[in-house]
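Peer 1: In this note's numbering, the protein residues as written are 20 to 431.
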């Protein structure tokens with residue numbers, strides 16, 4: 020671990036579910052020591068109770084054995100150490116304070132205001148350790164949001180406008196299959212956290228990093244001026260094609276779907292050559308980019324007609340030979356088993372801590388390659404409270420008797 024970029028950094032992980040745990044997963048994969056603090060009274064991270072589970076009987080929808088572990092935790096808990104701590108207990112703050120003293124980062128994804136109500140927010144932590152960076156991921160930011168201020172991914176997708184960027188005009192809103200709100204916010208949280216750590220290294224002063232799921236996702240929606248397109252007569256929702264970049268979209272072949280991206284003159288000429296229609300390159304309707312946009316519907320119908328009865332392999336071979344960007348639309352199960360992403364460890368096999376690879380499961384790796392450092396998620400997820408003795412005893416110096424008493428009092 021010593022040659023990983025964040026080796027020597029310690030993170031207190033107060034997160035649960037997906038957005039926060041994904042942020043700390045990335046930090047762990049980059050070499051930080053991540054101490055996952057879980058509530059002993061609720062069974063720990065909520066994702067520990069997400070079906071399906073993996074255990075001695077393989078993959079199941081319900082728990083069959085004491086050491087069955089949810090696939091969610093198998094994925095999100097890797098390279099982390101688990102301790103239990105009831106943050107609502109009066110004595111818990113003293114234990115957490117001990118962790119703050121030896122840590123660089125503390126991350127939570129509670130609703131706005133919860134950390135302050137628990138008395139463990141950045142003001143409290145910085146009084147103990149001025150260098151600590153406290154990062155919060157929430158639905159709407161530190162100031163709170165509408166109603167309860169709590170947010171789930173689908174709520175964020177709805178509010179961000181992203182649901183109305185997919186699908187065709189007049190169709191119902193389209194919820195993205197991936198929980199993009201939950202996955203985009205932690206990326207910004209990691210960027211902000213590492214920037215604040217660099218600043219703390221230079222000044223000796225940490226700070227609070229505040230990332231909202233709504234802001235993170237909406238900022239991506241704002242990368243495209245969708246409302247401006249509509250004012251110019253370009254529909255915001257275009258279904259399987261993108262007329263303003265024609266020829267561009269996904270098309271059904273005889274045995275599957277493929278994606279085609281040919282917005283430039285060179286790509287368009289390559290497409291026409293692959294179709295055996297070099298004459299189209301000189302056709303005034305398709306000879307320039309603006310002309311192709313003006314006649315996008317007709318152009319896309321020509322492409323659809325050409326591919327309808329042809330097998331994917333033949334289509335992709337022809338497009339590739341003529342330099343046109345195109346690819347098969349793959350099922351997720353095939354995509355995560357791509358030899359390229361597996362070789363680069365951007366996707367890695369998942370293993371149960373006791374039963375190994377009891378099922379053919381894959382999870383996210385660290386999709387960053389360094390020329391002179393390592394990164395990776397190579398340690399199995401921990402059981403709830405597995406590292407209590409190691410962290411509270413070995414790192415913080417509490418005796419066995421003290422730990423026994425804290426457990427009996429419901430602190431840990």
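Backbone N, C-alpha and C define an ideal beta-carbon position, used for all residues, glycine too.
1. How is residue 389 classed by DSSP in three states: helix, strand or coil?
2. In terms of alpha-carbon separation, which member of 412, 296, 260 lies closest to residue 282?
3. Just tell me which of 429, 423, 396 has its CA closest to the CA of residue 52.
4. Classify residue 389 as buried or exposed, calling it buried when 16 or more other Cβ atoms lie within 10 Å of its own Cβ.
5. Just grab the DSSP bridge partners of residue 347 for me.
6. Write down the C-beta distance between residue 135 and residue 119 rounded to the nearest angstrom, noting that I regard them as a contact closer than 8 angstroms.
7. Can a CB atom of chain B be found closer than 8 angstroms to the CB of residue 233?
8. Throw me the rounded Cβ distance for the residue 360 and residue 382 pair, which I believe falls under 8 angstroms.
9. If contact is defined by three or more beta carbon pairs under 8 angstroms, each pair taking one atom from either stretch, is the stretch 81-89 in contact with the stretch 120-132?
10. When the Cα atoms are used, what is the spatial distance from residue 43 to residue 243?
11. Can you name the residues that DSSP bridges to residue 153?
12. Roughly how many angstroms separate the alpha carbons of residue 95 and residue 310, rounded to a whole number?
13. Classify residue 387: buried if its beta carbon has 16 or more other beta carbons within 10 angstroms, exposed otherwise.
14. Check for me: the beta strand (DSSP E) holding residue 431 runs from which residue to which?
15. Just tell me which of 28, 75, 103, 74 has its CA closest to the CA of residue 1.
16. Residue 435 by DSSP, collapsed to three states: which one?
17. For residue 108, which residues of its own chain have a beta-carbon under 8 angstroms away from its beta-carbon, when the five flanking residues on both sides are left out?
18. In the DSSP assignment, what residue or residues form a beta bridge with residue 78?
19. Starting from the N-terminal side, write out each stretch of the alpha helix (DSSP H) that is 4 residues or longer and does not extend beyond the stretch 286-366.
20. According to DSSP, residue 101 sits in a beta bridge with which residue or residues?
21. What is the residue span of the beta strand (DSSP E) that residue 33 lies within?
22. Looking at residue 68: is its Cβ nearer than 8 angstroms to the Cβ of residue 105?
23. For my contact list, residue 293 and residue 338 are in at a C-beta cut-off of 8 angstroms; report their separation, rounded to the angstrom.
24. Around the Cβ of residue 252, are there at least 16 other Cβ atoms within 10 angstroms (buried) or fewer (exposed)?
Peer 2: By the coordinates alone:
1. coil
2. With respect to the C-alpha of residue 282, the residue from 412, 296, 260 having the closest C-alpha is 260.
3. 396
4. exposed
5. DSSP output for residue 347 lists 277 as bridge partner(s).
6. Between residue 135 and residue 119 the beta-carbon gap is near 16 angstroms, outside 8 angstroms, which marks them as no contact.
7. The structure shown contains no chain B; it is built from a single protein chain.
8. Actually they do not touch by this definition, with Cβ atoms about 12 angstroms apart.
9. no
10. 30 angstroms
11. 125, 227
12. If you draw a straight line from the Cα of residue 95 to the Cα of residue 310, it comes to about 49 angstroms.
13. Residue 387 counts as exposed, since fewer than 16 other C-beta atoms from the protein chains shown sit within 10 angstroms of its C-beta.
14. That residue, residue 431, is in no beta strand (DSSP E); it is neither H nor E in DSSP.
15. Because residue 1 is not part of the residues shown, which for the chain are 20 to 431, the question remains open.
16. An answer regarding residue 435 cannot be provided, because it is not within the stretch 20 to 431 covered by the chain.
17. Closer than 8 angstroms at Cβ, skipping near neighbours: 428, 429, 430.
18. 73
19. 308-313, 315-326, 331-340, 351-354, 358-362
20. 55
21. 29-33
22. Contact: no.
23. 5 angstroms
24. Here residue 252 is exposed. Its C-beta has fewer than 16 other C-beta atoms within 10 Å.
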